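Our numbering applies: residue 37 is where the sequence shown begins, and numbers increase by one.
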Amino acid sequence: MVEIVHRPALPLPLTPEQVDAGWLTRALGQTTPGAVVAAADIVDIVWGTSTKIRVRVDGHDGQGAALPATLIVKGGFEEHSPRMAAMYANEARFYADIQPHVPMPSPRCWFAGSDPASHQSIVIMEDLRRDGLAFCDPLQPQDFEPIACRLEVMAGYHAATWQSPRFEPGGSWSDIHSRFESWGLDYMRRYLVADVWAHYMASPRGAAVSRRFHDRAWMERALLRIGEIQHAQPRCLIHGDTHLGNLYVAEDGTPGFFDAQVARTAWHHEVSYHIVCAADLADRAEWERPLLDRYLRAMARHGVALDAEAAWLDYRRSIAWGLFIFLTNEVRFQTESVNTAYAARFSQAALDHDLRELLP
Numbered sequence: 037m038v039e040i041v042h043r044p045a046l047p048l049p050l051t052p053e054q055v056d057a058g059w060l061t062r063a064l065g066q067t068t069p070g071a072v073v074a075a076a077d078i079v080d081i082v083w084g085t086s087t088k089i090r091v092r093v094d095g096h097d098g099q100g101a102a103l104p105a106t107l108i109v110k111g112g113f114e115e116h117s118p119r120m121a122a123m124y125a126n127e128a129r130f131y132a133d134i135q136p137h138v139p140m141p142s143p144r145c146w147f148a149g150s151d152p153a154s155h156q157s158i159v160i161m162e163d164l165r166r167d168g169l170a171f172c173d174p175l176q177p178q179d180f181e182p183i184a185c186r187l188e189v190m191a192g193y194h195a196a197t198w199q200s201p202r203f204e205p206g207g208s209w210s211d212i213h214s215r216f217e218s219w220g221l222d223y224m225r226r227y228l229v230a231d232v233w234a235h236y237m238a239s240p241r242g243a244a245v246s247r248r249f250h251d252r253a254w255m256e257r258a259l260l261r262i263g264e265i266q267h268a269q270p271r272c273l274i275h276g277d278t279h280l281g282n283l284y285v286a287e288d289g290t291p292g293f294f295d296a297q298v299a300r301t302a303w304h305h306e307v308s309y310h311i312v313c314a315a316d317l318a319d320r321a322e323w324e325r326p327l328l329d330r331y332l333r334a335m336a337r338h339g340v341a342l343d344a345e346a347a348w349l350d351y352r353r354s355i356a357w358g359l360f361i362f363l364t365n366e367v368r369f370q371t372e373s374v375n376t377a378y379a380a381r382f383s384q385a386a387l388d389h390d391l392r393e394l395l396p
């Protein structure tokens with residue numbers, strides 16, 4: 037198991053240049069005693085919400101086996117990073133304290149660390165860029181079966197954490213919140229400020245969304261209502277951001293998940309978000325009920341029985357969350373083309389289901 041490492045056990049780099057052989061040796065040694073990195077070279081850097089640094093390494097694991105040829109060092113190395121500290125810590129927490137306990141296929145973690153004295157959290161993970169593994173593309177909606185298979189995997193980790201005692205006071209996950217509490221609530225309110233909201237309504241993704249959903253006051257009411265609904269329902273652990281850009285398919289066809297932003301909330305928050313993100317506008321209207329049925333059957337196999345009609349209502353109301361996210365998602369997190377594509381998918385779903393009637 038990877039245990040989260042806090043400063044001063046190991047200072048965390050704040051610039052890519054500090055990710056060198058010496059630091060990597062100390063980091064890997066926290067979880068793989070005897071590991072040595074003799075040489076390390078940065079191959080490339082992918083800037084974004086968080087930064088992914090691909091590092092070519094030459095070393096061994098202390099047991100005679102060579103380390104992987106490349107590793108990914110992920111953390112906050114950008115100007116906006118100090119404002120994202122909670123998000124970075126949340127991901128490090130996933131790899132340290134959650135991944136070992138849930139059936140969510142995700143990259144192997146070699147190290148996870150947080151520094152409470154700065155914004156920085158670092159995860160060292162396997163490099164998924166290899167032959168036979170396919171990354172999903174936000175601009176390429178998927179067929180029915182890949183979406184259904186992924187929903188069945190979601191059912192596995194939702195059921196495994198359903199009303200988990202780990203969430204109870206004193207439990208190891210007691211500090212994991214819903215999207216409508218703590219830093220998630222702060223994030224939401226940041227984009228509901230009048231001038232910020234107006235900026236996004238005037239953007240290309242705003243033009244792709246029906247003007248019926250440009251009403252800021254309605255959106256705020258709808259989100260708060262969803263939070264109330266979810267708070268009153270049984271909760272489980274969700275990945276937290278299952279749009280296509282955070283997903284892959286392994287060589288054997290297994291759906292994989294990365295960039296987790298875990299939350300404790302109702303199942304439909306994640307299922308609605310994923311289906312609308314993943315399906316083409318025309319296909320979603322035809323497929324969403326059968327896809328939901330696949331998920332519900334999988335949950336039943338895992339011992340969680342959900343009423344189909346109540347689930348259908350919850351699924352439709354939760355469309356509001358994804359609509360809000362991609363109406364207001366910053367271009368440093370996703371390109372305008374991706375935000376616009378997703379916003380259009382959620383707008384059409386919201387129109388199809390008369391979301392303003394469901395959430396007046």
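C-beta atoms are modelled at their ideal positions from N, C-alpha and C, and glycine is treated no differently. Just so we're clear, the structure is a prediction, and the values are computed from it rather than from any experiment.
CA-to-CA distance, residue j to residue i, given in whole angstroms
i: R352; j: A296; result: 23 angstroms
i: V367; j: S373; result: 9 angstroms
i: M37; j: T68; result: Residue placement at M37 is poorly supported in this model, since its pLDDT is 47, which falls under 50; the coordinates still yield a value, given next. Going from the Cα of M37 to the Cα of T68 covers about 10 angstroms.
i: V79; j: L169; result: 20 angstroms
i: P44; j: E204; result: Any answer about P44 is weak, because its pLDDT of 47 lies below 50 and its placement is not dependable; what the coordinates show is given next. Whole-angstrom Cα-Cα distance: 29 angstroms.
i: R144; j: A286; result: 13 angstroms
i: A71; j: H96; result: 6 angstroms
i: I274; j: A299; result: 6 angstroms
i: W323; j: A314; result: 11 angstroms
i: M335; j: G100; result: 43 angstroms
i: L60; j: N282; result: 25 angstroms
i: W254; j: E114; result: 34 angstroms
i: S86; j: A122; result: 12 angstroms
i: R248; j: A196; result: 39 angstroms
i: L387; j: H310; result: 18 angstroms
i: A385; j: A321; result: 8 angstroms
i: S383; j: G58; result: 50 angstroms
i: D21; j: L64; result: Residue 21 lies beyond the range of the chain shown here (37 to 396); nothing can be said about it.
DSSP-derived helix/strand/coil call for residue i
i: Y236; result: helix
i: T301; result: strand
i: V82; result: strand
i: S150; result: strand
i: L46; result: coil
i: E393; result: helix
i: D173; result: coil
i: V72; result: strand
i: A20; result: Outside the shown range of the chain (37 to 396) lies residue 20, about which nothing can therefore be said.
Contact under 8 angstroms by Cβ, residue i with residue j
i: V307; j: L175; result: no
i: T106; j: R129; result: no
i: A347; j: H304; result: yes
i: T376; j: P177; result: no
i: I81; j: P49; result: no
i: G192; j: P139; result: yes
i: S214; j: H267; result: yes
i: Y124; j: A148; result: no
i: V312; j: I262; result: no
i: Y284; j: C185; result: no
i: S142; j: F293; result: yes
i: P270; j: Q199; result: yes
i: L332; j: L317; result: no
The alpha helix (DSSP H) enclosing residue i, as first and last residue numbers
i: M161; result: Unbroken run through M161 is the beta strand (DSSP E), S157 to E162; no alpha helix (DSSP H).
i: W323; result: L317 to R337
i: I355; result: I355 to T364
i: S218; result: S218 to R226
i: T106; result: That residue, T106, is in no alpha helix (DSSP H); its beta strand (DSSP E) goes T106 to G111.
i: I274; result: Per DSSP, I274 belongs to no alpha helix (DSSP H); it is in the beta strand (DSSP E), C272 to I274.
i: F180; result: F180 to A196
i: G263; result: R252 to H267
i: R368; result: Per DSSP, R368 belongs to no alpha helix (DSSP H) and is neither H nor E.
i: A122; result: A121 to R129
i: R166; result: Note, R166: premise wrong, no alpha helix (DSSP H); not H, not E.
Residue interval of the beta strand (DSSP E) (run including residue i)
i: I212; result: Where I212 is concerned, there is no enclosing beta strand (DSSP E), given that its DSSP letter is neither H nor E.
i: H96; result: T87 to H96
i: G281; result: Run containing G281: none; DSSP gives neither H nor E here.
i: F382; result: Taken as a continuous stretch (DSSP letters only), F382 belongs to no beta strand (DSSP E), being part of the alpha helix (DSSP H) at E372 to D388.
i: G292; result: P291 to F293
Any chain D beta carbon closer than 8 angstroms to residue i
i: M120; result: The structure shown contains no chain D; it holds only a single protein chain.
For residue j and residue i, believed in contact at Cβ under 8 angstroms, the rounded distance
i: A344; j: L363; result: Wrong, their Cβ atoms sit about 30 angstroms apart, outside the cutoff.
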